[in-house]
Amino acid sequence: MSCPALVINNLRIVYPAGQRVILHDLSFTVPGGSTVALVGESGSGKTMAAMAVMGLIPSGIFQAGGDITINERPTGNLTPEQYRELRHKSVAMVMQNPMSAFDPVLSIFQHFKETFASHGVRDRKRIRDLAAEALRGVGFDDPRHILELYPFQMSGGMLQRVMLAMALIFSPPLVIADEATTDLDVISQAKVLKLLQDHCRSHHLALLLITHDLSVAAGLADEMVVLKEGRLVEKGPVSQIFKSPASPYTAGLLAVHRGLYTPRYRRIISNMERQSV
Amino acid sequence: MTDTGLTGNDSLILPPLAGPGRRATARKAALALSALVLAGLIGMAIFAPLAAPYDPMEINLEERLAPISSRHWLGTDHLGRDVLSRLIWGARASMGSVVVIAGLIMATGFITGAFSGYIGGRTDSVIMRVCEAFMTFPTFILALFLIGVLGTGLTNVILAIVLTHWAWYARIIRGMVMNLKNRDFILAARVAGGGPVKIFLRHIAPPVLAQLVILASLDLGHMMLHVSGLSFLGLGIQPPTPEWGCMINDARQQIWTNPELAIIPGVMIFLTVLAFNIPGDILRDKLDPTLVERE
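Residue numbers (the numbering used here), protein chains in the order written: chain G, 1 to 277; chain P, 1001 to 1295.
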C-alpha cells in the first residue's frame, strides 16, 4: 500500500568462528500496514534476521553484506546511538519466552513506567491510566490489579499479553513478533494473535511475524517468506503458497502441517474456541 | 539438628511440632530480637561518651580486678579500668572499623566486578587476573606485611582486610552481572531502545546490589572477627584504646583467675556477629520480591 516499513536487501550474516553462513543473501520487503510471515524450522535463521533488523546481532556474529531499511531509513551507517533511537521510535518487538523477558524484580507497573519514561512521559497517574487502558485492550478485566503484580506471579499467557500491550502502546510503524505465541496453548495463542492482528490492522502497522507454525502464518499473514538453513526458499502471497508451493521444501512443510492439522483436530480446536469465547 | 535427637526420616513421619504460622512467628521474634541487639550496639557505639559510666582509659590500680559490684557493673580489669565503659567504647572501634571495611570492600568489589563483567572481553580477563593475584594473599599474612612496612594501627588493619577481600566480591559480582546481562529481559530492554548505562542502572545494578548487601551483611561478622583477631595479636588497634579483641588479649594473664574479663568481650563479639546476620534476611525479603516466602 504505502511506503514499505521494512526492506531487507541481500542480507548476509556469518559466524566466522564456526565458519558458517547463517543467512545467505536474504531479501524481502514488509509493505507498510501489511503482515508478512517469516517461516522456517528451528535454526533456519529467522530470529537472527529479526536481531539484524534490530541491530542487535550477538557478539561473534557479523553482518557481512546487504542492507536493511526501516521506514525508509537506511540503517547501514547509523551510529549505535542513532540505531537505538530508531529502535526506540520505529520498531517494537514481541519476544519469545515471556517468562524470561521481564525483569523479575520489577512489577508490571514499573515495566510500563520505564517504557513511558523512555518516551518522555513521567506523570505516574497518567502512566497508570494509559497502561491500564492498554492492558484492558489485551483482555485483562482488572488491569489495575495486574499492574501491581510481579512477573513471577503471572502465567506465560498473561505475560505474553502484557508484553503485547507494552509493545503496541506507542503503535510503532513496524512490529516484529518473534515466535510470540509459541509458549502458549492454542486458545491463548488464538487470542493473542487476534489481538495482534486487530491492533495492527486498526493502527495500520506493519507486522513481521516470525513463526514455525504454518497455521499462524495462514491465519494472519498477507505474504509469506520461507527460510531453510539460512536460504530463502520461497516468498509470495500466503494463498498462493498454500495453493501451489513452488519449492519442494515448502510443499513438504505444508504436507507435514496438513498431517498434523487433520480435519478432526481442527474441529476439536474450533469447538474449544467457540466454548471459551 | 542433632539436639532434637531426630534423624531426617523421623521428621518425615512425625507430625510437625510447629505449624507454619508458629514458625513465622518464631522467625519474626528472632528478627525483632536481633534488630534490638543491633540497635543497642549501634546506640552504644554512637553514644559511647554518654553511656559509659567511667573514662575507659582511666587507670585506677587501687581497684584492679574488682569483682562485679554496684560501682563497677562488670568489674574492672588488671589496670582497674571499668570493663563496662571499655566495652561500650569498644563497640565504637569494632563496629566503626567494620562499617568502614564493609563499605570499602563493597565499593571496590562492586565497581571493578560490575565493570569487568559488563564490559567483558579482554578488559575482563585482565581485571580477573589482577583479582586472582589478590585472592592468593591470606588476610593475616598481608596484614603482617603491611604492618611490618607501614607500622601498626587501625588504618593498616583496615587496608589489609580490604585488600584481601575485595577481589572475592569483585568475582562474585562479575559472575552475577555476566549472568544477568545475557538474560532475555536485558535483550528486551535493548530491543526497546535502552542505552547500556541506563540498562545497567535499571536492570543489572539493583539485583546485584541486593545480593551484595546480603553477602556483605553475612560477612560483617567475619570482618569483625578479623579486626578483633588482628587486635588480639597486637597488630591492630593498640592498647590502651578500648577494643573487644584487645580486651581479650589484655585478659590473657588473668584467664584462670578472672575468666570473665575475656568472656565478656568474647560474648559481645559473638552477639554482634550473630545480630549482623539477621538484617541480611530482612534486606533479602525487601529487595528481592521473588524470594519472599509464600505463607
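Where is the CB? At the ideal position from N, CA and C, for every residue including glycine.
Review point. What is the DSSP secondary structure of residue 66 of chain G, reduced to helix, strand or coil?
Key: Here residue 66 of chain G refers to the residue found at position 66 of the first sequence. Of the three classes helix, strand and coil, the one that applies to residue 66 of chain G here is strand, per DSSP.
**Study point:** Interface flag, residue 10 of chain G vs chain P, CB-CB below 7 Å
**Key:** For the purposes of this step, residue 10 of chain G is taken as the residue at position 10 of the first sequence. Cβ-Cβ to chain P under 7 Å: no for residue 10 of chain G.
Review point. How should residue 244 of chain G be labelled, buried or exposed, when 16 other C-beta atoms within 10 angstroms of its C-beta is the threshold for buried?
Key: What you label residue 244 of chain G is simply residue 244 of the first sequence in a count that begins at 1. Classification for residue 244 of chain G: exposed.
Practice item. Report the neighbours of residue 1266 of chain P on chain G: residues whose CB is nearer than 7 Å to its CB, in chain order. Key: Residue numbering aside, residue 1266 of chain P sits at position 266 when the second sequence is read from its first letter. Near residue 1266 of chain P there are no residues of chain G at all, since even the closest Cβ is about 40 Å away, more than 7 Å.
Practice item. Inspect the beta-carbon positions of residue 38 of chain G and residue 210 of chain G and report whether they are closer than 7 Å. Key: Walking along the first sequence from the start, residue 38 of chain G turns up at place 38. Walking along the first sequence from the start, residue 210 of chain G turns up at place 210. Yes, they are a contact pair.
Check your understanding: When you compare only the Cα positions, how much space is there between residue 1124 of chain P and residue 1073 of chain P?
Key -> For the purposes of this step, residue 1124 of chain P is taken as the residue at position 124 of the second sequence. For the purposes of this step, residue 1073 of chain P is taken as the residue at position 73 of the second sequence. In a straight line, the C-alpha of residue 1124 of chain P is about 56 Å away from that of residue 1073 of chain P.
Check your understanding: According to DSSP, which residues form a beta bridge with residue 178 of chain G?
Key -> For the purposes of this step, residue 178 of chain G is identified with residue 178 of the first sequence, where counting begins at 1. Paired residues: G:210.
**Study point:** Counted within 10 angstroms of its Cβ, other Cβ atoms place residue 191 of chain G as buried (16 or more) or exposed
**Key:** To locate residue 191 of chain G, count along the first sequence from 1; it is residue 191. Looking at its Cβ environment, which holds 16 or more other Cβ atoms inside 10 Å, residue 191 of chain G is buried.
Review point. Just to confirm, are residue 206 of chain G and residue 7 of chain G a CB contact at a threshold of 7 Å?
Key: Here the question's residue 206 of chain G lines up with position 206 in the first sequence. Here the question's residue 7 of chain G lines up with position 7 in the first sequence. The answer is no: Cβ separation not under 7 Å.
Review point. Taking Cβ to Cβ, would you say residue 1130 of chain P is nearer than 7 Å to residue 54 of chain G?
Key: Within the second sequence, numbered from 1, the residue matching residue 1130 of chain P stands at position 130. Within the first sequence, numbered from 1, the residue matching residue 54 of chain G stands at position 54. For residue 1130 of chain P and residue 54 of chain G, no; Cβs fall outside 7 Å.
Exercise for review: Return the CA-CA distance between residue 1295 of chain P and residue 1049 of chain P, expressed in angstroms with no decimal places.
Suggested key: In the second sequence, residue 1295 of chain P corresponds to position 295, counting from 1. In the second sequence, residue 1049 of chain P corresponds to position 49, counting from 1. Bear in mind that a pLDDT of 39 at residue 1295 of chain P, under 50, signals an unreliable position, so the model cannot answer this.
Exercise for review: Take the Cβ of residue 1156 of chain P as the centre, count every other Cβ of all protein chains shown within 10 Å, and call the residue buried at 16 or more, exposed below.
Suggested key: Stepping through the second sequence from its first residue, residue 1156 of chain P is reached at position 156. Buried: at least 16 other Cβ atoms inside 10 Å.
Point to revise | Whether residue 233 of chain G touches residue 215 of chain G by CB criterion (7 Å) | key: As a working mapping, residue 233 of chain G is identified with position 233 in the first sequence. As a working mapping, residue 215 of chain G is identified with position 215 in the first sequence. It is not a contact, given that the beta carbons lie outside the stated cut-off.
Check your understanding: If you draw a straight line from the alpha carbon of residue 1081 of chain P to that of residue 1110 of chain P, how long is it in whole angstroms?
Key -> On the second sequence, residue 1081 of chain P is found 81 positions in, with the first residue counted as 1. On the second sequence, residue 1110 of chain P is found 110 positions in, with the first residue counted as 1. One C-alpha to the other measures close to 42 Å.
**Study point:** Backbone CA spacing between residue 239 of chain G and residue 63 of chain G [nearest angstrom]
**Key:** Start at 1 with the first residue of the first sequence, and residue 239 of chain G comes out as number 239. Start at 1 with the first residue of the first sequence, and residue 63 of chain G comes out as number 63. Spanning the two alpha carbons is a distance of roughly 32 Å.
Review point. In the structure shown, what three-state DSSP assignment does residue 1237 of chain P receive?
Key: The residue you call residue 1237 of chain P lines up with position 237 of the second sequence. Coil at residue 1237 of chain P, not helix or strand.
**Study point:** Backbone CA spacing between residue 17 of chain G and residue 45 of chain G [nearest angstrom]
**Key:** Counting from 1 along the first sequence, the entry for residue 17 of chain G is found at position 17. Counting from 1 along the first sequence, the entry for residue 45 of chain G is found at position 45. Cα-Cα distance, rounded: 17 Å.
Practice item. Please name the residue, chosen from P:1271, P:1277 and P:1276, that lies closest to residue 1087 of chain P on a Cα-to-Cα basis. Key: Within the second sequence, the letter at position 87 stands for residue 1087 of chain P. When each option's Cα is compared against that of residue 1087 of chain P, the closest is P:1271.
Practice item. Would you check if the region 1232 to 1251 of chain P and the region 1181 to 1191 of chain P touch, i.e. whether three or more CB-CB distances between them fall below 8 Å? Key: no
Check your understanding: Where does the unbroken beta strand (DSSP E) through residue 15 of chain G begin, and where does it stop?
Key -> Within the first sequence, residue 15 of chain G is the residue found at index 15, counting from 1. Taken as a continuous stretch (DSSP letters only), the beta strand (DSSP E) holding residue 15 of chain G covers 4 to 15.
Review point. Would residue 1194 of chain P be called buried (16 or more neighbouring beta carbons within 10 Å of its own) or exposed?
Key: As a first step, residue 1194 of chain P is located in the second sequence; it is residue number 194 there, counting from the start. Residue 1194 of chain P is buried by the Cβ-count criterion.
Check your understanding: Taking the alpha-carbon positions, what's the residue 1268 of chain P to residue 1059 of chain P distance?
Key -> The residue you call residue 1268 of chain P lines up with position 268 of the second sequence. The residue you call residue 1059 of chain P lines up with position 59 of the second sequence. In a straight line, the C-alpha of residue 1268 of chain P is about 23 Å away from that of residue 1059 of chain P.
Exercise for review: Following the continuous beta strand (DSSP E) through residue 27 of chain G, name the residue where it begins and the one where it ends.
Suggested key: Reading the first sequence from its first residue, position 27 is the one you call residue 27 of chain G. Its beta strand (DSSP E) spans residues 20 to 31.
Check your understanding: On the premise that residue 1215 of chain P lies in contact with residue 1158 of chain P, defined as a C-beta separation below 8 Å, what is that separation, rounded to the nearest angstrom?
Key -> Counted from its first residue, the second sequence places residue 1158 of chain P at position 158. Counted from its first residue, the second sequence places residue 1215 of chain P at position 215. So it is not a contact: roughly 19 Å between Cβ atoms.
Review point. For residue 1117 of chain P, which residues in chain G fall below 7 Å Cβ to Cβ?
Key: Your numbering for residue 1117 of chain P matches position 117 in the second sequence. Those within 7 Å of residue 1117 of chain P in chain G number zero; the least Cβ separation is about 14 Å.
Review point. Who pairs with residue 143 of chain G in a beta bridge, going by DSSP?
Key: On the first sequence, residue 143 of chain G is found 143 positions in, with the first residue counted as 1. Note: residue 143 of chain G sits in no beta bridge, so no partner.
Review point. Just curious, the alpha helix (DSSP H) that residue 237 of chain G is in, first and last residue?
Key: For the purposes of this step, residue 237 of chain G is identified with residue 237 of the first sequence, where counting begins at 1. Note, residue 237 of chain G: premise wrong, no alpha helix (DSSP H); beta strand (DSSP E) at 231 to 237.
Review point. Hey, is residue 1188 of chain P's beta-carbon within less than 7 Å of any beta-carbon in chain G?
Key: Looking up residue 1188 of chain P in the second sequence gives position 188. For residue 1188 of chain P, the answer is yes, since a Cβ of chain G falls inside 7 Å of its Cβ.
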